[in-house]
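Structure first, then comments.
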Amino acid sequence: MVLASGSPQRRAILEQLGIEFRVVVPEVEELSDGDPRAIVAENARRKARSIEGERVLGVDTAVVLDGRVFGKPRDAEEAETFLRRLSGRGHEVMSGIALREHGSDRSAVAVTRVRFRLLEQHDIDWYLGTGEWRDRAGGYAIQGRGAALVAEIEGDYSNVVGLPVPALIELAPDLLSA
Numbered sequence: 001m002v003l004a005s006g007s008p009q010r011r012a013i014l015e016q017l018g019i020e021f022r023v024v025v026p027e028v029e030e031l032s033d034g035d036p037r038a039i040v041a042e043n044a045r046r047k048a049r050s051i052e053g054e055r056v057l058g059v060d061t062a063v064v065l066d067g068r069v070f071g072k073p074r075d076a077e078e079a080e081t082f083l084r085r086l087s088g089r090g091h092e093v094m095s096g097i098a099l100r101e102h103g104s105d106r107s108a109v110a111v112t113r114v115r116f117r118l119l120e121q122h123d124i125d126w127y128l129g130t131g132e133w134r135d136r137a138g139g140y141a142i143q144g145r146g147a148a149l150v151a152e153i154e155g156d157y158s159n160v161v162g163l164p165v166p167a168l169i170e171l172a173p174d175l176l177s178a
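Numbering (the working numbering), first residue to last: 1 to 178.
Quick look at the structure:
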């Protein structure tokens with residue numbers, strides 16, 4: 001299988017599952033405006049279709065608060081804005097997943113609810129100082145120090161990390177037998 005993603009988190013999840021794959025980082029123009037479900041689904045499809053291979057996996061993840069997509073923050077100032085908006089509130093993490101195989105696509109969208117604890121300024125300053133917010137949808141990484149920001153999660157943890165394992169296995173159950 002080819003993973004159409006440069007995400008180290010997605011690579012780590014596939015390695016943890018013992019799935020053989022190689023990485024090819026796609027160069028596609030990603031959507032950012034519109035219905036969040038449609039955005040992640042289409043971005044995943046674009047990634048999967050942009051890479052040659054017998055079986056190609058594309059994934060796109062977004063943090064959604066009040067219907068607004070929070071992508072990867074451009075800088076620390078935007079990361080701070082994201083964290084302030086997420087503070088004390090519930091949001092959704094949506095991942096579109098697309099598997100292109102033998103010329104046809106299968107896809108799914110996974111949704112996990114996450115609630116942040118109420119963050120004080122020292123919490124935000126501490127997290128920004130870690131640098132972990134860089135290149136992370138919503139400006140946080142739940143599998144790292146960002147776990148300290150989270151009060152509760154409802155749904156698939158692996159989705160919040162960046163690759164919804166149950167959705168992947170539903171699309172391709174044979175991945176576990178290879």
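Using N, Cα and C, we set each Cβ at its ideal position, and we do this for glycine too.
**Start and end residues, alpha helix (DSSP H) containing L99** = For L99, no alpha helix (DSSP H) encloses it; the enclosing beta strand (DSSP E) starts and ends at 90-101.
**Asked** What residue ranges within the segment 17-81 form continuous beta strand (DSSP E) runs of no fewer than 3 residues, ordered along the chain?
**Response** Entirely contained in the segment 17-81, the beta strand (DSSP E) runs reaching 3 residues are, in chain order, 55-65, 68-70.
**Request:** Could you tell me whether the Cβ atoms of S107 and G96 are closer together than 8 Å?
**Result:** yes
**Item:** Bounding residues of the beta strand (DSSP E) (the contiguous stretch that carries I153)
**Value:** 150-154
**Prompt:** If you draw a straight line from the alpha carbon of A137 to that of Q121, how long is it in whole angstroms?
**Reply:** 21 Å
**Asked** Expressed to the nearest angstrom, what Euclidean distance is found between the alpha-carbon atoms of E27 and G6?
**Response** E27 and G6 have their alpha carbons spaced roughly 10 Å apart.
**Prompt:** So is H102 buried or exposed if we call it buried at 16+ other beta carbons inside 10 Å?
**Reply:** exposed
**Item:** Between the CA atoms of A76 and L128 - distance to the nearest angstrom
**Value:** 7 Å
**Reduced DSSP category for L171 - H, G, I as helix; E, B as strand; rest coil** = helix
**Asked** Quick one: Cα of I51 to Cα of R115, how far?
**Response** 35 Å
**Request:** Consult DSSP for L163 and reduce its assignment to one of helix, strand or coil.
**Result:** Per DSSP, reduced to three states, the secondary structure at L163 is coil, with no helix or strand assignment.
**For P173 and I153, the rounded distance between their alpha carbons** = Within the model, the alpha-carbon separation for I153 versus P173 is close to 25 Å.
**Message:** Going by DSSP in three states, D135 sits in which element: helix, strand or coil?
**Reply:** coil
**Bridge-paired residues (DSSP) for T112** = V93
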